[in-house]
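See below for the structure under consideration.
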Amino acid sequence: MGIFSKLFGALKKTKDNFSTKLRLLFAKNKLGNEFYEELEEILISADVSVATAEEVVERVKERAIAEKLKDEAYVTGILRGVLVEMLQESEVEPPSYPCVIMLVGVNGVGKTTTVGKLAHYFLSQKKTVTVAAADTFRAAASEQLSVWADRAKVRIVKHEEGSDPSAVIFDAVSSAKAKKTDVVIVDTAGRLHVKDNLMNELRKMDRVVQREYPEADFLKLLVLDATTGQNAVNQARVFDEAVELDGIVLTKLDGTAKGGFIFSLASELSLPVLFAGVGEKMDDLEPFDAESFVEAIL
Ligand SMILES: Nc1nc2c(ncn2[C@@H]2O[C@H](COP(=O)(O)OP(=O)(O)O)[C@@H](O)[C@H]2O)c(=O)[nH]1
Ligand SMILES: [Mg+2]
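Note that my numbering has the sequence shown beginning at 294, numbered continuously upward.
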């Protein structure tokens, strides 16, 4: 199954939900205040936050009034345009090389898996890759990453269990500079129950990269499970405060996803989705495309 059929499959519930509700809405109402209020509610029911739903409806309203459009297909078209626009407003340039990509996020969202998938992705783009096992909390974590590194056939830098994750990054960066590696991908720990420690640790890793490798493009990406729902926005705020995130990798889009929260991430935190994971295998990752995503939910 291709990536888009997986994406469409995963978002089918959202799409069915949206289209059924929109159809009912059009059957019942003419364009007017009540219509727009209900449209806002429909967006909120798909995990778009209240503030973002208001903003979307405001934009749709302005355009529908300006263009004097009344018909369902046109308004859906406008809605689709507004949603794509919102995602694209926060888009970032693709990385320049050399680059360091550090993945952060809570336990179980798919960080380690995504490091492996990204390594495979950049190799397929003819880039050289090193991965850094900076989740030193459990030995199992770096073993898991070693398996991915073997599979993707990339170099791994790791230290023993319990060592300082910043030292792992320092070594990975030194080795990348010496070998002129294009991309360093860093796996990190996600144990949020010791939140302050984790955030201090991430800040330290952040500083090491900035200090030791200023010539590299440095992307800090939050890995988010697509089935998380609106709590994703809170997770993003916490990590953004610690290390100033550049974007999101959305994983598990092959599971039941609502996905509306990505509009809130884009409009409230200016955080774009850069990659989407749609399965557990190495090639189940693709650069995120706003138009396909909106097409899949509406
Ligand atoms: N279905 C699905 N499972 C995923 C995806 N990404 C990761 N996983 C699974 O999620 C679980 C946790 O992944 P892991 O990389 O260990 O998460 P970490 O704790 O953030 O490092 C594993 O069972 C992965 O196979 C995805 O895109 N789709
Ligand atoms: Mg992990």
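Backbone N, C-alpha and C fix where the C-beta goes; we use that ideal spot for every residue, glycine too.
Just tell me which of G302, Q381, Q418 and K513 has its CA closest to the CA of I478.
Nearest C-alpha to I478: K513.
Considering only C-alpha positions, which residue in the set K305, A346, E360 and L304 is nearest to L324?
The option with the nearest alpha carbon to L324 is E360.
Would you report the Cα separation of I394 and L318, rounded to the nearest angstrom?
Going by the C-alpha atoms only, they are around 44 Å apart.
Under three-state DSSP, which class holds M395?
DSSP places M395 in strand when its eight states are reduced to three.
Going by CA-CA distance only, name the one from L396, L380 and S557 that's closest to M498.
Minimum Cα distance to M498 is reached at L396.
In chain order, what are the residue ranges of uninterrupted beta strand (DSSP E) at least 3 long that sit wholly in the stretch 334 to 404?
Uninterrupted beta strand (DSSP E) stretches at least 3 residues long and entirely within the stretch 334 to 404 occur at 392 to 397, given in chain order.
Any non-hydrogen atom of ligand 2 closer than 6 Å to A434 Cβ
Yes; taking the cut-off as 6 Å, the Cβ of A434 has a heavy atom of ligand 2 nearer than that.
Roughly how many angstroms separate the alpha carbons of S439 and A433, rounded to a whole number?
Taking the straight line from one Cα to the other gives about 10 Å.
Name the residue from R352, E382 and V408 whose alpha carbon lies nearest to the alpha carbon of V596.
This structure cannot speak to residue 596, because the chain is shown only from 294 to 591.
To which residues of the same chain is S312 closer than 7 Å at the C-beta, ignoring the five residues directly before and after it?
Closer than 7 Å at the Cβ level, and outside the excluded window around S312, lies no residue.
Apply the 10 Å Cβ neighbour rule to V642 and answer buried if 16 or more other Cβ atoms are within range, or exposed otherwise.
This structure gives no information on residue 642, because the portion of the chain shown stretches from 294 to 591.
I'd like the span of the beta strand (DSSP E) that includes L512, first residue to last.
That run of the beta strand (DSSP E) goes D510 to D518.
Tell me which residues share the same chain as T423 and place their Cβ nearer than 8 Å to its Cβ, disregarding the 5 neighbours each side in the sequence.
Within the same chain, T423 has close Cβ partners V447, R448, I449, V450, A465, S468, A469, K472, T474, V476, V477 and I478.
So is Q528 buried or exposed if we call it buried at 16+ other beta carbons inside 10 Å?
Buried, because 16 or more other Cβ atoms sit within 10 Å of the Cβ of Q528.
May I have the straight-line CA-CA distance separating G409 from P565, to the nearest angstrom?
So the two alpha carbons sit approximately 21 Å from each other.
C-alpha gap between K314 and T405, whole angstroms
Going from the Cα of K314 to the Cα of T405 covers about 38 Å.
Take S389 as the anchor and find which of E505, D510 and D443 has the nearest alpha-carbon.
If we check each option's Cα against that of S389, D510 comes out closest.
Contact check, V349 vs V375, beta carbons under 7 Å:
Yes, Cβ-Cβ distance for V349 and V375 is below 7 Å.
For D539, count neighbouring C-beta atoms within 10 Å of its own C-beta (all shown protein chains included) and say buried if the count is 16 or more, exposed if not.
Its Cβ being crowded by 16 or more others within 10 Å, D539 is buried.
Backbone secondary structure at G302 - three-state DSSP
Residue state, collapsed to three classes: helix.
Confirm, please, whether the CB-CB distance from A589 to L304 is below 7 Å.
A contact, by the Cβ cut-off of 7 Å.
Run through DSSP, which three-state label would R448 get?
Residue state, collapsed to three classes: strand.
Extract the residue ranges of the beta strand (DSSP E) inside the stretch 469 to 555, only unbroken runs of 3 or more that lie entirely within it.
Residue ranges of uninterrupted beta strand (DSSP E) with 3 or more members, entirely inside the stretch 469 to 555 and ordered along the chain, are 476 to 481, 510 to 518 and 540 to 544.
Among all the DSSP beta bridges, which residues are the ones paired with V587?
As DSSP reads the structure, V587 sits in no beta bridge.
Closer than 7 Å to chain D by CB, V353
No chain D appears in this structure, which consists of one protein chain only.
Less than 6 Å between the CB of K410 and some heavy atom of ligand 2, yes or no?
No; taking the cut-off as 6 Å, the Cβ of K410 has no heavy atom of ligand 2 nearer than that.
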